[in-house]
Amino acid sequence: MKQPSTAVEVVNLRKFYGSHQVLFDVNLTVAGGEKIVICGPSGSGKSTLIRCLNKLEDHQSGTIRVLGTELNDEIDNINEVRREVGMVFQHFNLFPHLTVLENCVLAPMLVRKQDRKTAEARAMTYLERVKIPQKAGAYPGELSGGQQQRVAIARALCMKPEIMLFDEPTSALDPEMISEVLEVMTELAQDGMTMLCVTHEMGFARKVADRVVFMDKGSIVEEAPPSEFFDNPRHERSKAFLSQILGH
Ligand SMILES: Nc1ncnc2c1ncn2[C@@H]1O[C@H](COP(=O)(O)OP(=O)(O)OP(=O)(O)O)[C@@H](O)[C@H]1O
Ligand SMILES: [Mg+2]
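Counting in my numbering, the sequence shown runs from 50 upward without gaps.
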């Protein structure tokens with residue numbers, strides 16, 4: 050897929066779990082190369098929204114277009130989208146019985162049909178990029194949380210995605226490991242990746258985000274460049290949220 054100028058387009062998205070509605074007419078357009086930080090209180094629908102973007106969750110109404118392709122229920126469509134959209138989770142989700150290198154080559158070999166040699170060479174490039182090539186032969190259980198998360202980022206990048214989704218990638222990490230992961234994410238942003246990051250790392254948001262999207266109770270309440278959002282939030286709910294997480 051060629052990256053069109055609009056990477057993601059969400060129109061009037063509604064999502065229910067059973068009869069419980071968790072997303073209410075969400076609209077969001079993300080340009081190619083844009084970096085979006087999504088924040089908001091627990092249960093506001095942040096994870097659900099980004100999981101809808103790579104079909105980890107179904108939506109009930111509205112449309113989602115990723116790189117110009119509208120998401121539907123056909124398997125080819127789902128596979129096409131997942132090839133282009135990488136995702137990094139809070140809890141790394143590496144395969145524990147596979148080495149770091151094997152974790153990285155699995156999907157490119159199965160899905161992109163790369164031969165092992167090409168896949169391994171590419172994996173090493175990305176492991177170098179996340180500053181962990183020396184751990185290629187180690188198992189995830191032998192790595193620190195920060196190292197595992199950097200491997201998870203490298204693994205996602207091995208698929209050469211056009212878009213990267215992050216769901217609280219640092220919130221399970223000890224403080225000293227947060228910065229090493231944020232550093233890798235910042236470099237990725239500087240390289241021009243389209244990124245949607247659910248995070249409450251507000252320093253990262255200020256530095257990297259083109260836009261901050263604030264969600265509450267299943268809706269986008271406010272969308273603004275970080276300087277505006279942090280220094281001059283318009284909505285009461287954004288103000289309350291910011292004063293809670295920034296402690297003033
Ligand atoms: N698999 C599920 N089945 C039923 N309800 C769910 C499921 N996953 C999430 N929900 C509900 O959907 C709503 C939004 O949840 P979501 O996980 O998207 O919130 P969030 O903003 O990511 O919260 P957090 O900051 O705690 O991660 C919540 O009310 C939650 O209870
Ligand atoms: Mg969440």
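Even glycine gets a Cβ: it sits at the ideal position worked out from N, Cα and C.
- Secondary structure remark: continuous alpha helix (DSSP H) runs of at least 4 residues inside the stretch 89 to 177, in chain order: 95 to 102, 124 to 133, 149 to 159.
- Distances between the C-beta of residue 96 and the heavy atoms of ligand 1 include at least one below 7 Å.
- In this structure, ligand 2 has no non-hydrogen atom nearer than 7 Å to the beta-carbon of residue 265.
- CA-to-CA, the gap between residue 173 and residue 152 works out to about 12 Å.
- The alpha carbon of residue 82 has as its nearest neighbour, out of 157, 241, 188, the alpha carbon of 241.
- Excluding sequence positions up to five before and after residue 270, its CB lies within less than 8 Å of the CB of 89, 263, 264, 284, 286, 287, all in the same chain and listed in chain order.
- Residue 227 sits in a helix when the DSSP states are folded into three classes.
- Only residues of its own chain outside the window of five on either side were considered, and among them 86, 231, 234, 235, 246 have a CB closer than 8 Å to the CB of residue 253, listed in chain order.
- Beta-bridge pairing by DSSP links residue 69 to 66.
- For residue 250, the Cβ stays outside the 7 Å cut-off from all heavy atoms of ligand 2.
- Assignment of residue 240 by DSSP, reduced to helix, strand and coil, places it in the coil class.
- Here the alpha carbons of residue 210 and residue 156 stand approximately 12 Å from one another.
- In the three-state reduction of the DSSP assignment, residue 283 falls in the coil class, being assigned neither a helical nor a strand state.
- In the DSSP assignment, residue 214 falls within the beta strand (DSSP E) that extends over 212 to 216.
- Distance from the CA atom of residue 177 to the CA atom of residue 131, rounded to whole angstroms, is 24 Å.
- The beta-carbon distance between residue 134 and residue 202, rounded to whole angstroms, is 14 Å. This is too long to meet the 8 Å contact definition.
- Each of 281, 171, 179, 291 was checked against the Cα of residue 228, and the nearest Cα belongs to 179.
- In this structure, residue 189 sits away from residue 198, with a CB-CB distance that is not shorter than 8 Å.
- Residue pairing by DSSP places residue 84 opposite 244 in a beta bridge.
- Our two residues, residue 161 and residue 109, have alpha carbons roughly 30 Å apart in a direct line.
- The alpha-carbon of residue 55 is positioned some 8 Å away from that of residue 115.
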